[in-house]
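Position 173 (the sequence shown) corresponds to 481 in the numbering used here; numbering is contiguous. Glycine included, C-beta positions come from ideal geometry on N, C-alpha and C.
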Amino acid sequence: MTGGIDIMAEGCGDGEAVGGEPDREPDPSDSLRTWGAVQQALREHAGYSRAEFADLVRFSKHTVESVELGRRMPDESYVVRSEELLGNTGALRKSSKYVTRGRGDVGLAAWFRQWARLERVAVTLCTYECRLVPGLLQSEGYARAVFDNSIPLLSDQELEDQLVARLDRQRLLRERPNVPFSFIVEEHVFRRRLGGSDVMRGLYDHVLELTAPRNVTLQIMPVDTEFHACLDGPVRLLETPKRHRLGYSEGQQNGRLISDPNEASLLYQRYDTLRSQALNPKDSRGLLERLRGEL
């Protein structure tokens with residue numbers, strides 16, 4: 309639904325119109341594959357296995373493999389630690405500045421890609437979730453547990469592509485420190501021990517870290533609340549650089565972009581009301597810390 313707003317006129321920052329070819333799979337980035345291949349060659353020359361290297365750079369073996377195969381952008385801390393371990397010549401650090409994604413849509417559901425492109429240029433982002441921890445806040449272990457529960461089962465490659473895409477989206481939080489991110493999540497979502505205690509412990513630590521910056525706000529909706537403004541389900545909201553307010557709702561195997569001004573305004577009213585009903589950010593962080601202590 310596009311209402312009166314020309315969504316295609318909103319730039320998406322990657323040279324492609326937002327409304328164009330939503331199902332097209334982009335080609336892998338040559339620069340990303342090259343950087344990964346060079347890092348792999350240096351690792352092997354240094355005598356580290358992937359598992360050993362993963363422990364030293366403090367990333368999972370799956371992440372190291374994805375970076376080396378050109379499926380995932382190297383995180384800044386990954387680059388710094390790799391540089392220190394593999395000769396400290398400056399080659400990895402300097403060349404990382406010229407690496408481009410190129411696979412930005414791989415691993416994303418077709419119905420979500422249009423929204424994902426809008427996220428990259430949004431000036432505000434708001435998310436309410438009642439099913440799972442929002443993708444932008446998921447730890448690697450939690451995201452893997454989510455995809456492990458997919459029906460029908462995903463192949464190893466499909467799972468890896470979806471995991472890489474989900475974790476890569478989180479770069480938004482680190483790369484855009486001046487953009488306000490607001491999350492409201494139901495308490496029961498954090499109480500469900502998806503993947504087990506170790507996965508949840510890692511999730512709590514990850515969420516607390518990602519929501520520590522001043523521009524990222526997390527509020528938890530308590531289970532004992534008597535009032536609730538978003539009983540119709542989860543919703544995402546954003547504001548574009550041209551100050552258009554858009555919404556997105558998702559269900560079973562589908563998603564819908566909401567650009568009709570009246571409908572978007574209603575969703576913003578509900579979200580604003582929900583903010584007043586949820587725990588404040590300080591109490592929300594305190595609840596997460598208590599839940600972690602209970603594991």
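In three-state terms, what does DSSP make of residue i?
i	result
ASN570	helix
SER398	In the sequence as displayed, the identity of residue 398 is Gly instead of Ser. Here GLY398 sits in coil by DSSP.
GLN527	strand
SER490	strand
GLY559	strand
GLU534	coil
LEU440	coil
GLU547	strand
ARG366	coil
ARG553	strand
LEU511	helix
LEU433	strand
VAL600	Residue identity check: residue 600 is Arg in the sequence provided, not Val. In this structure, ARG600 counts as helix in the three-state DSSP scheme.
LEU565	strand
GLN465	helix
LEU377	coil
Starting from the C-beta of residue i, find all residues in its chain whose C-beta is less than 7 Å away, skip the five residues before and the five after it, and write them out in chain order.
i	result
LEU440	VAL454 and VAL497
ALA451	LEU471, ARG474 and LEU475
PRO521	PRO485
ARG358	LYS369, VAL372 and GLU373
For residue i and residue j, I'd like the C-alpha separation in whole angstroms.
i	j	result
ARG600	GLY510	9 Å
SER592	SER368	28 Å
LEU518	LEU481	7 Å
THR435	LEU545	6 Å
VAL372	THR581	43 Å
LEU364	GLU468	22 Å
Taking the alpha carbon of residue i as the point to measure from, which residue in the options has its own alpha carbon closest?
i	options	result
THR397	VAL346, ALA362, ARG428 and ASP363	VAL346
SER505	ASP532, TRP423, GLY449 and GLY555	GLY449
ALA491	HIS370, ASN523 and ARG500	The question names Ala, yet the displayed sequence has Phe at residue 491. Among HIS370, ASN523 and ARG500, the Cα nearest to that of PHE491 belongs to ASN523.
TYR556	GLN422, VAL507, ARG500 and ALA362	GLN422
Taking Cβ positions, are residue i and residue j nearer each other than 9 Å?
i	j	result
ARG628	GLU376	Outside the displayed span of the chain (309 to 603) sits residue 628, for which this structure offers no information.
PRO542	GLU495	no
VAL388	LEU340	no
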